[in-house]
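Numbering (the numbering used here), first residue to last: 1 to 618.
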């Protein structure tokens with residue numbers, strides 16, 4: 001895991017070493033182990049390295065192919081790189097890094113090789129043979145990559161702050177306030193900053209060395225993972241056999257994600273997803289250390305006891321971070337600054353604190369459970385209508401009753417009474433899906449086309465699950481990259497490995513979402529975890545009341561009289577109404593937006609922002 005960046009300037013121009021160094025230095029937290037800078041004619045490449053595979057100098061980047069036609073700056077991990085090496089006849093490897101494997105694979109097979117990669121990546125590859133610089137991201141955009149066009153050419157980097165350090169203009173887009181309010185700034189190619197865009201997940205962008213013109217194409221279309229032939233093969237299999245196939249596929253993915261010469265741990269909340277990843281990791285690495293969060297002051301959302309039960313059942317060490325209001329406030333400003341935009345909710349701060357604890361233990365890699373909710377319909381309110389239309393009424397009641405049945409049995413009768421009275425109404429967790437108009441219809445149309453071999457409510461729910469994956473993953477993956485990398489730790493996401501995704505998207509829908517929430521995934525968990533963990537209801541354990549924590553110690557004038565309103569040209573009446581109406585995660589986002597505004601638009605340091613924000617000088 002690393003930081004990458006650079007530029008392609010107009011022909012004849014020579015990249016400024018000072019600007020490239022400023023860009024590189026702004027990414028130092030992403031790669032404290034080594035750094036590099038290369039200039040080839042009108043192209044500059046920089047790299048900061050977090051050494052995880054081949055810890056020696058043989059993994060130094062930017063890395064040049066011996067033939068001289070390719071130069072690579074790479075961020076990520078290719079878990080199947082040793083398999084690819086076996087096919088690269090005649091290659092003369094000097095080390096055993098996946099970077100070197102990728103470099104030879106690009107030289108041999110070109111851009112089409114990306115479809116064969118397992119892992120997560122952002123790539124900047126200089127192809128001198130064809131006169132272009134290629135930028136690419138993995139299927140789900142687990143690794144970030146941003147671009148900015150300027151008068152002298154195109155600049156790119158792992159984080160927007162690095163582009164600004166290299167001279168990119170920090171100006172908010174015209175509708176920044178609206179995007180912050182409805183959450184649409186998390187997804188899509190646009191950012192909150194004018195002229196700075198994201199390279200799209202699953203895509204290539206080629207920058208011509210002759211004129212800096214851009215051309216982009218998608219190398220992976222998620223809907224293409226839906227395969228009627230695979231669905232037909234799985235349709236008539238017993239649930240037990242489907243469970244075995246999912247277990248086998250997920251186990252292979254988890255074990256592949258353990259590839260490292262550095263120390264690997266897991267994030268384990270005590271919930272189904274992260275506990276299952278941890279259990280499968282323990283099979284291959286019995287001494288693995290888990291990290292979890294506890295909030296002892298909150299008897300409802302405290303996941304500490306559940307995480308400890310998982311660790312005890314697996315016989316592993318777990319280090320718990322006790323989240324307190326003062327500790328959370330201490331991490332709020334740094335987490336926002338590193339997130340690169342207003343944070344989605346309180347969890348970014350806690351994730352950063354967990355990563356910091358791992359860093360102190362010498363752990364460089366953390367496996368996480370992201371992706372399971374998206375694949376198995378774990379977010380009830382995101383698919384209310386489609387789920388209610390598809391599930392039989394008994395399963396609808398069962399889904400709603402899970403928290404009582406498995407969490408607090410004394411509430412069962414009262415809850416079931418309310419459910420029966422409402423009969424067909426599906427649950428609302430209070431999470432309202434806000435999606436951008438741009439591209440949403442295309443994603444849904446692609447998903448509906450992919451599931452054209454089905455019809456009715458089955459097709460509608462399958463298409464909804466597929467097309468809405470980006471809504472939550474866009475900020476969860478950004479959090480897992482930025483707020484873990486802020487302390488030089490890498491996160492890995494086994495649920496999003498290609499074979500896992502392909503299998504789940506073609507499973508019978510009854511198995512994916514029923515009879516319990518997350519369906520067959522609980523069947524897999526039951527084989528490797530105690531029943532109480534496998535069937536534990538979902539709890540948003542890091543969704544603390546942090547808006548109250550902020551206001552307990554913040555200077556009200558920081559937000560009321562800050563930079564946000566003027567910088568984003570928000571009408572005074574609208575700003576006041578939004579502030580008074582906001583609760584929970586949205587209020588945290590508004591406070592975070594003011595922090596972002598001062599950091600990015602005004603260039604204030606973390607220390608200065610904290611001095612202005614906290615009354616007691618945190």
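By construction, the Cβ of each residue, glycine as well, lies at the ideal position given by its N, Cα and C atoms.
Bridge partners - residue i, DSSP secondary structure assignment
i	result
residue 147	156 and 197
residue 619	Only positions 1 to 618 of the chain appear in the structure, and residue 619 is not among them; the question remains open.
residue 217	204
residue 47	4 and 36
residue 322	294
residue 73	124
residue 172	193
residue 119	78
residue 267	291
residue 63	72
residue 400	The partner list for residue 400 (beta bridge, DSSP) is empty, contrary to what the question assumes.
residue 393	Answer is none; residue 393 lacks a bridge partner.
Where residue i falls, given that 16 or more other Cβ within 10 Å makes a residue buried
i	result
residue 78	buried
residue 241	exposed
residue 467	buried
residue 75	buried
residue 571	exposed
residue 322	exposed
residue 51	buried
residue 421	Low confidence applies here, because residue 421 scores a pLDDT of 35, under 50, leaving its location unreliable and the question unanswered by this model.
residue 187	buried
residue 158	buried
Through-space distance from residue j to residue i, alpha-carbon basis
i	j	result
residue 290	residue 303	14 Å
residue 437	residue 139	Confidence in residue 437 is poor, its pLDDT being 39 and thus under 50, which makes the residue's placement too unreliable to answer from.
residue 398	residue 527	22 Å
residue 122	residue 393	45 Å
residue 56	residue 569	51 Å
residue 546	residue 4	33 Å
residue 514	residue 348	31 Å
residue 602	residue 167	14 Å
residue 16	residue 129	24 Å
residue 178	residue 477	22 Å
residue 558	residue 612	7 Å
residue 501	residue 494	10 Å
residue 518	residue 306	19 Å
residue 505	residue 463	10 Å
residue 566	residue 560	11 Å
residue 551	residue 184	25 Å
residue 227	residue 451	9 Å
residue 225	residue 521	19 Å
residue 165	residue 46	13 Å
residue 58	residue 284	27 Å
residue 105	residue 88	7 Å
residue 152	residue 124	19 Å
residue 221	residue 202	7 Å
residue 92	residue 20	31 Å
Member of the options whose CA lies at the smallest distance from the CA of residue i
i	options	result
residue 163	184, 480, 142 and 196	196
residue 344	57, 151, 475 and 571	475
residue 14	28, 282, 502 and 41	41
residue 330	43, 386 and 607	607
residue 170	184, 191 and 480	191
residue 231	511, 518 and 342	511
residue 114	180, 498 and 150	498
residue 484	591, 220, 355 and 381	355
residue 117	319, 84 and 377	84
residue 508	590, 604, 390 and 473	390
9 Å Cβ cutoff met for residue i and residue j
i	j	result
residue 317	residue 353	no
residue 335	residue 486	yes
residue 599	residue 588	no
residue 459	residue 553	no
residue 277	residue 263	no
residue 363	residue 1	no
residue 134	residue 207	yes
residue 61	residue 44	no
residue 71	residue 38	yes
residue 313	residue 533	yes
residue 101	residue 82	yes
residue 193	residue 173	yes
residue 265	residue 367	yes
residue 340	residue 161	yes
residue 147	residue 205	yes
residue 471	residue 382	yes
residue 137	residue 53	no
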